[in-house]
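Peer 1: Mapping of the sequence shown onto our numbering: residues 253 to 507, in sequence order.
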Amino acid sequence: MKICVLNLSGNVGKSTLAVHLLAAFAPASKIISVESINASNVNDVEALDVEELSASRFKEIFREIMLNDEVIVDVGASNVAAFMTEMTRFKSAVGEFDLVLVPTVPADKQQRDTIATIDWLHTLGIDGRKVRVLFNQYSTEGLEPIELVYAQVAGYAATDGKGKAVFEPHAVVTLNEVYELAKSSKKTIMELAGDATDWKTARSEAKRAGDLVALERAMSGQMTHDLAVTAHENLSQVHRALFPGAATTVKARRA
253 MKICVLNLSG NVGKSTLAVH LLAAFAPASK IISVESINAS NVNDVEALDV
303 EELSASRFKE IFREIMLNDE VIVDVGASNV AAFMTEMTRF KSAVGEFDLV
353 LVPTVPADKQ QRDTIATIDW LHTLGIDGRK VRVLFNQYST EGLEPIELVY
403 AQVAGYAATD GKGKAVFEPH AVVTLNEVYE LAKSSKKTIM ELAGDATDWK
453 TARSEAKRAG DLVALERAMS GQMTHDLAVT AHENLSQVHR ALFPGAATTV
503 KARRA
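Shown next, in the form of structure tokens:
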């Protein structure tokens, strides 16, 4: 499958989702990071083979899209305008993608930019059934409905956005601090969830040895693992919603 992740706005989690929602479940995919200013999160994961190209080298990007049957294109905020401009010149490029994933977050600006992105994709002629909105960074603490948290996008979906993208059933990635913790580990959430380290035993051994550093490491490791299991369960649900029938399992060890 050929997938593009983009939004006119930055800070919507494009690279995070490209890594943990897409590449982690399809490790054989060719990953292209379209970025020239900010370092992409996809480069932080040791297990992923990433090719980084700026939008100014769109011909090379287009060749990679045409050559590879399994490809994930992560378009960074610094290059999205140029990438979109090139897509209007190389019109057949849009037909190569099986899915265009447009993440959005609760912030007002990002929601407005999400709407503008979908309108642009529609103008470009992309079939609305291939454009999928993903509701990212949803906080479960407030128990507020999706339609309220993402009110602008939800309102657009019910009016001008009809037929331009798929909004329902809602694909929702919940807010979880493990995504920040994963950056330093250089692992995917799937890998962290499947970690078989016995942190309880490590904690006991550290206590017996009076090793406070090892004790702290064991406690932090346990908490990170728990958060990763929760996040992976959420990501698996979202992945199944986006790709029915695809494998999403991992042996997530629970303490």
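Glycine residues also receive a C-beta, built at the ideal position from the N, C-alpha and C atoms. Predicted, not measured: the structure shown is a model, and the values here were computed from it.
(1) On the criterion of 16 or more Cβ atoms from any shown chain inside 10 Å, does residue 438 qualify as buried, or is it exposed?
(2) Name the one or two DSSP bridge partners that residue 254 has.
(3) Go ahead and pull the three-state DSSP assignment for residue 349.
(4) Which residues in the same chain have their Cβ closer than 6 Å to the Cβ of residue 461, if we skip the five residues on either side of it in sequence?
(5) Do the stretch 449-460 and the stretch 384-400 meet, that is, are 3 or more Cβ pairs less than 8 Å apart?
(6) Report all residues from its chain with a CB closer than 7 Å to the CB of residue 339; omit the five preceding and five following residues, and keep chain order.
(7) Looking at the structure shown, is residue 468 part of a helix, part of a strand, or coil, going by DSSP?
(8) Measure from the alpha carbon of residue 472 to the alpha carbon of each residue in 485, 458 and 484, then state which is nearest.
(9) What would DSSP say about residue 387, mapped onto helix, strand or coil?
(10) Residue 514 to residue 315, Cα distance in whole Å?
(11) Hey, how far is the Cα of residue 490 from the Cα of residue 424?
(12) If I follow the unbroken beta strand (DSSP E) through residue 426, where does it start and stop?
Peer 2: Here's the rundown:
(1) exposed
(2) 323
(3) coil
(4) none
(5) no
(6) 345, 346 and 376
(7) helix
(8) 458
(9) strand
(10) Since the displayed the chain opens at 253 and closes at 507, residue 514 lies outside it and no answer follows.
(11) 7 Å
(12) 418-426
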